[in-house]
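0 is the number of the first residue of the sequence shown in numbering that gives the first Met the number 0; add one for each residue after it.
From the three backbone atoms N, C-alpha and C, an ideal C-beta is built for every residue, glycine too.
Nothing here was measured: the structure is a model prediction, and the numbers come from that model.
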Amino acid sequence: MTSDGVAGWEQVGEDRPVYAGYTRVVRRRMRQADGRESDWDLVESPDSVVVLALTPARQVVAIRQFRPGPDRVMPSLPGGLIDEGESVLDAAARELLEETGYVGERWDVVTRTTPYKSTESRWVTVAHDCLRSAPQSLDEHEDIAVCLLSLAQLRDELRSGGFGTTDQAYLALDHLGLL
0 MTSDGVAGWE
10 QVGEDRPVYA
20 GYTRVVRRRM
30 RQADGRESDW
40 DLVESPDSVV
50 VLALTPARQV
60 VAIRQFRPGP
70 DRVMPSLPGG
80 LIDEGESVLD
90 AAARELLEET
100 GYVGERWDVV
110 TRTTPYKSTE
120 SRWVTVAHDC
130 LRSAPQSLDE
140 HEDIAVCLLS
150 LAQLRDELRS
160 GGFGTTDQAY
170 LALDHLGLL
């Protein structure tokens, strides 16, 4: 039990696959402290990483791509899944290079978030002094345009409600003292 009196729950049995397509959904049976049990559907996903990349001129390297969920092109920070055995920083550097062609001179791991409907951890990183060094190297299902945003433009995008990685961007800006 935590100091505020909230008890943890216990997993009962193994996760059961419910759906396995591009996204995998599992059903997890949980037992509350009072003995009641209930099933919870969770998105099962590898960990991911998002990069707030700053150029020497303090511009943010952002991307724009179509997202099927909202059914539109959305701006966001670059990022993606962390491959098995890959470190957070190696994945961040790989994703930044693949999606944008930029490399960072210096890196910070800011934090990780854990969405309550998923098994995934989402890592937030910052890359400093980023320069374009190569062409994009996109996966077969990626169609990404790179755009540079001033910090003011990034804040405007975040306030608009249409930015794809809002939580991670705010955490990175807070880390940098730029809120």
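Within a Cβ cutoff of 8 angstroms, which residues of the same chain sit near residue i, ignoring the five residues on either side of it in sequence?
{"i": "residue 135", "result": "97, 98, 99, 100, 143 and 145"}
{"i": "residue 177", "result": "150"}
{"i": "residue 128", "result": "53, 54, 55, 103, 104 and 105"}
Going by C-alpha distance, which of the options is nearest residue i?
{"i": "residue 23", "options": "81, 32, 66 and 43", "result": "43"}
{"i": "residue 10", "options": "28, 161 and 138", "result": "28"}
{"i": "residue 125", "options": "109, 131 and 133", "result": "109"}
{"i": "residue 170", "options": "82, 77, 111 and 132", "result": "111"}
{"i": "residue 90", "options": "49, 53, 38 and 138", "result": "49"}
{"i": "residue 102", "options": "123, 55, 130 and 87", "result": "130"}
{"i": "residue 116", "options": "4, 153, 38 and 5", "result": "38"}
{"i": "residue 64", "options": "46, 18, 8 and 137", "result": "137"}
{"i": "residue 85", "options": "69, 6 and 45", "result": "45"}
Kindly indicate which three-state DSSP category residue i falls into: helix, strand or coil?
{"i": "residue 174", "result": "helix"}
{"i": "residue 107", "result": "strand"}
{"i": "residue 80", "result": "strand"}
{"i": "residue 6", "result": "coil"}
{"i": "residue 14", "result": "strand"}
{"i": "residue 57", "result": "coil"}
{"i": "residue 99", "result": "helix"}
Could you name the residues of the same chain whose beta carbon sits closer than 7 angstroms to that of residue i, not counting the 5 residues immediately before and after it, in chain order?
{"i": "residue 163", "result": "66, 73, 74 and 75"}
{"i": "residue 94", "result": "48, 50, 77, 78 and 79"}
{"i": "residue 166", "result": "112"}
Have a look at the DSSP bridge pairing and note the partners of residue i.
{"i": "residue 37", "result": "29"}
{"i": "residue 42", "result": "24 and 117"}
{"i": "residue 126", "result": "52 and 106"}
Quick one: what's got a C-beta closer than 6 angstroms to residue i's C-beta in the same chain, skipping five residues either side?
{"i": "residue 107", "result": "125"}
{"i": "residue 148", "result": "59 and 61"}
Would you verify that the beta carbon of residue i is, or is not, closer than 8 angstroms to some beta carbon of chain B?
{"i": "residue 66", "result": "Of the protein chains in the structure, only one exists, and it is not chain B."}
**Study point:** Length-filtered (4 minimum) alpha helix (DSSP H) runs lying within the stretch 129-161
**Key:** 150-159
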